[in-house]
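Take a look at the structure below.
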C-alpha cells in the first residue's frame with residue numbers, strides 16, 4: 556500500500572491581479588493563508604505566510620494533492636517561498652481534468668452549485684479584504700470553505716464518476732465524466 560497523506564489544498568493571496576501587473580506575475584500575489592484538508596488526520600488546517608515552512612514537508616510527503624486550478628495558480632503563488640518548484644508533486648487538478656474533457660475552463664462556482672447544490676462563500680477579493688482588515692478568522696473560514704468544496708467535488712467525482720456543471724448561460728446542468736477514482740486507486744494500490 557502506498558504511504559503518505561492525501562491533501563486537498565487552496566490558498567488566498569494578499570494582493571489582487573491588478574496590483575501585481577496581471578496574471579503573468581502570480582509569484583507577486585503573496586500568500587495570506589493556505590488551507591488544507593488531510594485525509595489521514597480527517598482535519599482542516601491553515602498556514603499563514605509565516606508558517607509555510609511547516610506546509611512544504613506536508614506537501615512533499617503527500618501521495619496526492621488535490622486542488623482546483625492548483626497547478627496554474629496555487630503552486631505558482633507558493634513557488635517564491637521555496638527554492639524548489641512544486642510541479643513534481645503528485646497532483647490532481649480538478650480544473651485541468653475538466654479542460655481535458657471539455658476543451659474549456661469552468662469556474663469552481665459552476666461545478667459546486669451544479670454538483671453539490673452550494674457554492675463558494677465569496678470571492679478572492681473578499682479574502683484580500685479580510686486579510687487587510689486583520690479579520691483572520693473570517694479569512695481562515697473563507698479559505699477552508701473552498702477546501703471543503705474542492706474535497707466534496709473530488710469525493711462526488713470519485714463516487715459517481717462525473718461532476719455536474721452549468722452551461723455557459725447558466726441555465727442547463729451538464730455532466731462531466733471523470734476518471735480519477737480508478738486512476739488514483741490503481742496508483743495508490745487501494
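Numbering (the numbering used here), first residue to last: 556 to 745.
C-beta: ideal position from N, C-alpha, C; glycine also.
Computed from a predicted structure; not experimentally measured.
Residues sharing a beta bridge with residue i, DSSP
{"i": "residue 699", "result": "DSSP lists no partner for residue 699."}
{"i": "residue 601", "result": "590"}
Inter-residue CB distance, residue i and residue j (contact presumed, cutoff 8 Å)
{"i": "residue 716", "j": "residue 733", "result": "6 Å"}
{"i": "residue 512", "j": "residue 568", "result": "Residue 512 lies beyond the stretch modelled for the chain, which goes from 556 to 745, so this question has no answer here."}
{"i": "residue 663", "j": "residue 655", "result": "Contact doesn't hold; Cβ gap of about 17 Å is too wide."}
{"i": "residue 561", "j": "residue 618", "result": "6 Å"}
Inter-residue Cα distance where the pair is residue i and residue j
{"i": "residue 685", "j": "residue 594", "result": "28 Å"}
{"i": "residue 613", "j": "residue 719", "result": "31 Å"}
{"i": "residue 731", "j": "residue 563", "result": "20 Å"}
{"i": "residue 521", "j": "residue 588", "result": "Residue numbering for the chain in the displayed model covers 556 to 745; residue 521 lies beyond these limits and cannot be assessed."}
{"i": "residue 580", "j": "residue 572", "result": "8 Å"}
{"i": "residue 640", "j": "residue 634", "result": "6 Å"}
{"i": "residue 661", "j": "residue 708", "result": "13 Å"}
{"i": "residue 738", "j": "residue 713", "result": "With a pLDDT of 45 at residue 738, under the threshold of 50, the modelled position of this residue cannot be trusted, and the question is left open."}
{"i": "residue 603", "j": "residue 672", "result": "30 Å"}
Proximity winner among the options, relative to residue i (alpha-carbon distances)
{"i": "residue 591", "options": "735, 566 and 604", "result": "566"}
{"i": "residue 710", "options": "723, 585, 667 and 725", "result": "667"}
{"i": "residue 598", "options": "700, 631, 728 and 584", "result": "700"}
{"i": "residue 616", "options": "680, 723, 628 and 643", "result": "643"}
{"i": "residue 596", "options": "607, 585, 559 and 631", "result": "559"}
Would the segment 618 to 632 and the segment 647 to 658 be scored as touching if the rule is three or more Cβ pairs under 8 Å? yes
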